[in-house]
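What follows is a short report on a single structure.
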Ligand code: PEP
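In our numbering, the protein residues as written are 7 to 260.
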C-alpha cells in the first residue's frame, strides 16, 4: 500500500518569520489528518527553525535542492550532510533548476546518489517541456530523464518521483487527471524495467503542475497518482489544507 503524499514546494518564497507564521497557521489542522504524508519544503534558511516548530507534529520536512559534494570549496552551496541533520526529503531536478541553473541529467544523477548516501529521500522531478509535449515526445523525454537520473543507482531507498510537465508548472494550466495518470503509469512501467515489479508497485509517484484545491480531487482519483508536489497553492494555508484533506478522503489508507 502506497501512503499518499502532499508535498509543498515553497520555492524562493517566505522570510524565516513568514515561514514560521505559515507553519503555525497550518500545523494544528494538518496534524488532524493521519493517512497522508504532509511534507513542506521551505527555503534552506528556514529549515532549522521549522524543524524545531514541527518536532511534535506529523508534518515532515524537505529541502528544495542540494549540492552533491560532501564539503569543500563550493561557495554558497549546501551539502547532503548538512541537510541530513535537518530534514527527511529533498527535491532534486526541479524543472526550474534545470532551466535557470543548467542542471543536466548527469548533475541530477550525482545529486540523487549524494542524497541517498546520507539517507535523504529524493523527490526526483521529471517532465517534458511544452514543445516536447506538442511533438508527442512526452514518453521519450521522461524515459530519458529517468534513465539518466537513476543511472548506477541500485537502491532507491525511499526515493519518490514527481511527474511535473514543465508547461503546467506555475501556469495555472494543469494536465488532466487522465493525462497525468497515463504518463505516471508509463513511468511506473519504466521503473519496473530499470528495477523490478515490486519496486515499481511500491514507489510513490506524485503529480505536480498547477495543483489547487479546485482540481486536486481529479488527480487523487487516479489510481497511479500517489499524491502531489504543490508549488503556488502550498503557500496558502487553506489551499494546502484542502488539498491534503481531499487526498485523505479520496485515498484512505487500507
Ligand atoms: C512546483 O513548483 O513543483 C509546482 C508544481 O508549482 P505549481 O504548483 O505552482 O505549478
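All C-beta atoms, glycine included, are put in the ideal place defined by N, C-alpha and C.
Helix, strand or coil: how does DSSP classify residue i here?
i: residue 197; result: helix
i: residue 86; result: helix
i: residue 282; result: Outside the modelled stretch of the chain, which goes from 7 to 260, sits residue 282, for which no answer is possible.
i: residue 11; result: strand
i: residue 169; result: strand
i: residue 118; result: helix
i: residue 56; result: helix
Please name the residue, chosen from the options, that lies closest to residue i on a Cα-to-Cα basis.
i: residue 180; options: 225, 17 and 248; result: 225
i: residue 136; options: 34, 199, 81 and 171; result: 171
i: residue 124; options: 222, 106, 145 and 85; result: 85
i: residue 53; options: 91, 213 and 176; result: 91
i: residue 188; options: 156, 228, 157 and 204; result: 228
i: residue 234; options: 138, 88 and 167; result: 167
i: residue 211; options: 152, 249, 252 and 247; result: 152
i: residue 60; options: 49, 83, 82 and 32; result: 32
i: residue 232; options: 241, 34, 74 and 252; result: 252
i: residue 63; options: 11, 39 and 148; result: 39
How long is the line joining the alpha carbons of residue i and residue j, rounded to whole angstroms?
i: residue 196; j: residue 159; result: 14 angstroms
i: residue 161; j: residue 99; result: 18 angstroms
i: residue 207; j: residue 186; result: 17 angstroms
i: residue 194; j: residue 132; result: 13 angstroms
i: residue 245; j: residue 37; result: 15 angstroms
i: residue 5; j: residue 218; result: The question about residue 5 has no answer here: the residues shown for the chain are numbered 7 through 260.
i: residue 230; j: residue 43; result: 17 angstroms
i: residue 156; j: residue 118; result: 8 angstroms
i: residue 94; j: residue 77; result: 19 angstroms
i: residue 144; j: residue 121; result: 27 angstroms
i: residue 9; j: residue 258; result: 9 angstroms
i: residue 83; j: residue 73; result: 6 angstroms
i: residue 165; j: residue 129; result: 6 angstroms
i: residue 105; j: residue 154; result: 17 angstroms
For ligand 1, is there a heavy atom less than 7 angstroms away from the beta-carbon of residue i?
i: residue 172; result: no
i: residue 148; result: no
i: residue 239; result: yes
i: residue 17; result: yes
i: residue 233; result: no
i: residue 217; result: yes
i: residue 250; result: no
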